[in-house]
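2 protein chains.
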Amino acid sequence: MSGNDLKQEVTDKYSLRGRVFNRLREDILSGKYEENEELREVAIGEELGVSRTPVREAFRQLELEGLIRIIPNKGAYVTGISEKDVKDIYMIRSRLEGLAARWATENITLEQLEEMEENVYLAKFHSEKGHLEQLAELDNRFHEVMYEASGSKMLEHQLRDFHQYVLRVRKKTLASANRGPQSNLEHEQIMMAIKEKNADLAEQLAHQHMINAYENMVKNGLHEAYAEREKQANIK
Amino acid sequence: MSGNDLKQEVTDKYSLRGRVFNRLREDILSGKYEENEELREVAIGEELGVSRTPVREAFRQLELEGLIRIIPNKGAYVTGISEKDVKDIYMIRSRLEGLAARWATENITLEQLEEMEENVYLAKFHSEKGHLEQLAELDNRFHEVMYEASGSKMLEHQLRDFHQYVLRVRKKTLASANRGPQSNLEHEQIMMAIKEKNADLAEQLAHQHMINAYENMVKNGLHEAYAEREKQANIK
DNA sequence: AAATGTTCGATTGTATACAATAATACATGT
DNA sequence: ACATGTATTATTGTATACAATCGAACATTT
């Protein structure tokens, strides 16, 4: 590896700590633990059949990932993500996706470009057939390829981080069936700009693509999802 | 606190783990431990008078901060930051600084704006007197205020992370005395754009400001600093 | 009854003991 | 001499024991 990441991945999948970390992350992102829920070291340890040590170490990492908040001598609590945070992330991402598109224009390999083209083509097919799952998968993959093509581990990592982080919110809003075709059309335009080596246009399009995605999310009830959450929290 | 950070700060300064973390971070950033140096748990523990447990937990956090790399069952190694990484970070920062300037334009308070004005004024004074240290301090502070004024904890945290990260490189390059006045002039322009509520201009200026800072760094021997480092590594 | 101590249990923080792993040096066989 | 296997040792990984801290319930005082 030539350059080092700003943030390191947790690659150690097979140590107990790694397993605890991955499991907890998944459970938090999937919503198994709800916001502000307290995580107790022994309870988690017993559930996964390990002692407190690896659990504690996993906690420390989850804290830096922003998934839990540790109050010294008190406890670990699942963090929430506010409506404004979501907006901020999308706006930040819009800038960085633009940069990724620019760099991809400069550095993309033939294979990567071909995968992009195929992606757009396949998405068009699944879109017509109404295959939402495949469409979501292709959407993710399109962005992944662009990140890789950017040739910047640094940027790639940042964007992946953000992407994962907002996954929590995606689950709260409706899967928007009607955004599929439009989103794919935008992918196609980005891909074409990259292919034609028009970095300025690629950046601009990728930037707007993310803003459109956010606005679609708002339209599909981001605010309502939060209001609902508020209400339920008050009941308890 | 309304919104949560994407990445949490390590606030726990008074636990042993917090102290180990902060100490190690400082030592790595200051260059006490060189690139690829192995950090042994017992050795660090003895040096700071603590057992392995808090050291290990600090290690796990430093890994996610990207300052060390842990290879399972093997060891913890101080990570380097490549020449390309530095460039990437500056380019990413340029985008995000631009966004921060935009949001600052929308959200800045009177107090914050006044601090910016005072900052620029003071910097002009110290620049004429050749007070490099105060100038560097004011430079940092200018950006800090802008981050705060952006009103986005998310963005603020990202930018602070990047800023800290490149501090390691700053030490390798010369302090550029002649950039001072130009940099402050750019600050003034950014401040004026914010004051006049011209968000587009503020974003554009802040963006360019960071690119200029990077190019100045290159001119002042970033590449040479790396070449020198290569050479020394080969000798060993 | 309200405010203030106080005790006790639960939980986190740290140290230490033990297990697993990896690297090194050495021995052995070809 | 080279390759391969093996013992040794240093180091990390995990479990557990003990200390410190916090909070809730109860007791005490006014």
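As given, the protein sequences belong to chains A and B, one line each in that order.
The numbering of the first sequence is the numbering used here, which starts it at 22 and goes up by one.
The numbering of the second sequence is the numbering used here, which starts it at 22 and goes up by one.
Each residue gets a CB set at the ideal place from its N, CA and C atoms; glycine is no exception.
Inset, instruction - Establish whether the CB of M238(A) and some CB of chain B are separated by less than 7 Å. - result: no
Legend entry - Simplified DSSP assignment, three categories, for I89(B): strand
Inset, instruction - Compute the Euclidean distance between the alpha carbons of K28(A) and L83(B), then round it to the nearest angstrom. - result: Confidence is the limiting factor: at K28(A) the pLDDT is only 45, short of 50, which leaves the residue's position unreliable, though a coordinate-based value still follows. Looking at the two C-alpha atoms, the distance is approximately 9 Å.
Legend entry - Contact set between the segment 91-114 of chain B and chain A, restricted to residues whose Cβ is under 7 Å from the partner: P93, T100, G101, I102, S103, K105, D106, D109, I110, M112 and I113
Inset, instruction - Please decide whether S204(B) counts as near chain A, where near means a Cβ-Cβ distance under 7 Å. - result: no
Inset, instruction - Could you spell out the range, first to last residue, of the beta strand (DSSP E) harbouring Y142(A)? - result: Note, Y142(A): premise wrong, no beta strand (DSSP E); alpha helix (DSSP H) at L131 to K150.
Inset, instruction - Would you tell me roughly how many angstroms separate the C-alpha atoms of I91(B) and K53(A), rounded to the nearest one? - result: 29 Å
Legend entry - chain A within 7 Å of M263(B), Cβ atoms only: Because residue 263(B) is not part of the residues shown, which for chain B are 22 to 257, the question remains open.
Inset, instruction - Could you list which residues in chain B have their beta carbon closer than 7 Å to that of M137(A), in chain order? - result: Per Cβ cutoff of 7 Å: no residues; M137(A) is ~22 Å from chain B at best.
Inset, instruction - Keeping to the same chain, check which residues put their C-beta closer than 7 Å to that of M167(A); ignore five residues upstream and five downstream. - result: A121, A122 and A125
Inset, instruction - Between the Cα of A248(A) and those of E67(A), G39(A) and E104(A), spot the shortest distance and give me the residue it belongs to. - result: E104(A)
Legend entry - Proximal chain B residues relative to L243(A), where beta-carbon distance stays under 9 Å: Those do not exist, as L243(A) stays about 15 Å from chain B at its closest Cβ, beyond 9 Å.
Inset, instruction - Buried or exposed for D106(B), please, with buried defined as at least 16 other CB atoms from any protein chain shown within 10 angstroms of its CB. - result: buried
Legend entry - I63(A) to K174(A) span [Cα, whole Å]: According to the sequence displayed, residue 63(A) carries Val and not Ile. Distance between the alpha carbons of V63(A) and K174(A): 37 Å.
Inset, instruction - Under the assumption that R38(A) contacts E78(A) (Cβ atoms under 8 Å), give the Cβ distance between them as a whole number of angstroms. - result: 5 Å
Legend entry - DSSP state of G101(A) mapped onto helix, strand, coil: coil
Legend entry - Endpoints, the alpha helix (DSSP H) within which K216(A) is located: R200 to K216
Inset, instruction - Indicate whether at least one CB of chain B lies closer than 7 Å to the CB of M175(A). - result: yes
Inset, instruction - Using 10 angstroms around the beta-carbon of D109(B), count the other beta-carbons present and answer buried if the total reaches 16, otherwise exposed. - result: buried
Inset, instruction - Measuring only between beta-carbons, confirm whether L226(A) sits less than 7 Å from chain B. - result: no
Legend entry - Cβ-based neighbour list, H208(B), same chain, cut-off 6 Å, excluding 5 preceding and 5 following: V141 and F163
Legend entry - Collapsed DSSP secondary structure at G96(A) in the structure displayed: strand
Inset, instruction - Within 10 angstroms of the Cβ of R61(B), are there 16 or more other Cβ atoms? Answer buried if so, exposed if not. - result: exposed
Inset, instruction - Could you tell me whether the Cβ atoms of L134(B) and G201(B) are closer together than 7 Å? - result: no
Legend entry - CB of L143(A) within 7 Å of CB of L159(A), strictly: yes
Inset, instruction - Return the chain-ordered list of same chain residues with a C-beta closer than 6 Å to the C-beta of E47(A), the five sequence neighbours on each side being excluded. - result: none
Inset, instruction - Could you list the residues in the segment 63-85 of chain B with a C-beta less than 7 Å from some C-beta on chain A, going in chain order? - result: R77, E78, R81, Q82, E84 and L85
Inset, instruction - Could you name the residues of the same chain whose beta carbon sits closer than 8 Å to that of N25(A), not counting the 5 residues immediately before and after it, in chain order? - result: Because N25(A) sits at a pLDDT of 34, beneath the cut-off of 50, its placement in the model cannot be relied upon, and the following sentence gives the value as read from the coordinates. Only K174 meet the Cβ criterion.
Inset, instruction - Answer yes or no: does any C-beta atom of chain B fall closer than 7 Å to that of S36(A)? - result: yes
Inset, instruction - Please report the Cβ distance between A214(A) and G119(A), rounded to the nearest whole angstrom; I am assuming they are in contact, meaning their Cβ atoms lie under 8 Å. - result: Rounded, the Cβ-Cβ distance is 11 Å, inconsistent with contact.
Inset, instruction - Closer than 9 Å by beta-carbon distance: list the chain B residues that pair up with Q179(A), in chain order. - result: I113 and Q179
Inset, instruction - Assign E177(B) to one of three DSSP states: helix, strand, or coil. - result: helix
Inset, instruction - Could you work out which residues of chain B lie near L50(A), taking near to mean beta carbons separated by less than 7 Å? - result: The contacting residues do not exist; L50(A) stays about 14 Å from chain B at best.
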